[in-house]
Amino acid sequence: MKVSRYAVLALATAVALGFAVSPVMAQSTSPQSAQDTSKDAMKSNSDAMKSNSDAMKSNSDAMKSNSDAMKSNADEMKSANDSMKSDTNKSSSHHKKHKKSSEPASSSTSGH
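Mind the numbering: the sequence shown is residues -26 to -1, 1 to 86 in mature numbering (1 follows the signal peptide of the UniProt record, and there is no 0), read in order.
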């Protein structure tokens, strides 16, 4: 599973922010408040991971629809190529029908 660099950056930022805020809150407030802050940081980190997962899923869906579009485009090109082949076959058979008649030259030109 490929993860975009933006997703990794967002996750790393959320984790770093959570660890950076937690000690500051612990120094200025009671231990209970520090626990709450830690829980909030973990919750926000979890939410970030969930939204990241949703983003990856939508990205996967977009890639799938893009793949389908490319497949239909390839089919269109193939059918266009087939029609071009049939056109060239028609024109070559068309030329074969118009061969000169094999009459002798003496019968077609009258003597003076």
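Just so you know, even glycine gets a beta-carbon here, dropped at the ideal spot from N, CA and C. Since this is a predicted model, take the numbers as computed values, not measurements.
Expected contact under 8 Å - CB spacing of residue i and residue j to nearest Å
{"i": "residue 15", "j": "residue -6", "result": "6 Å"}
Coil, strand or helix - residue i by DSSP
{"i": "residue -24", "result": "coil"}
Distance, residue j Cα to residue i Cα
{"i": "residue -25", "j": "residue -12", "result": "20 Å"}
{"i": "residue 17", "j": "residue 53", "result": "54 Å"}
{"i": "residue -9", "j": "residue -18", "result": "14 Å"}
{"i": "residue 45", "j": "residue 24", "result": "32 Å"}
{"i": "residue -22", "j": "residue 49", "result": "34 Å"}
{"i": "residue -14", "j": "residue 42", "result": "35 Å"}
Residue closest to residue i, alpha-carbon to alpha-carbon, out of the options
{"i": "residue 89", "options": "49, -16 and -8", "result": "Because the chain is modelled from -26 through 86, residue 89 falls outside the range shown and cannot be assessed."}
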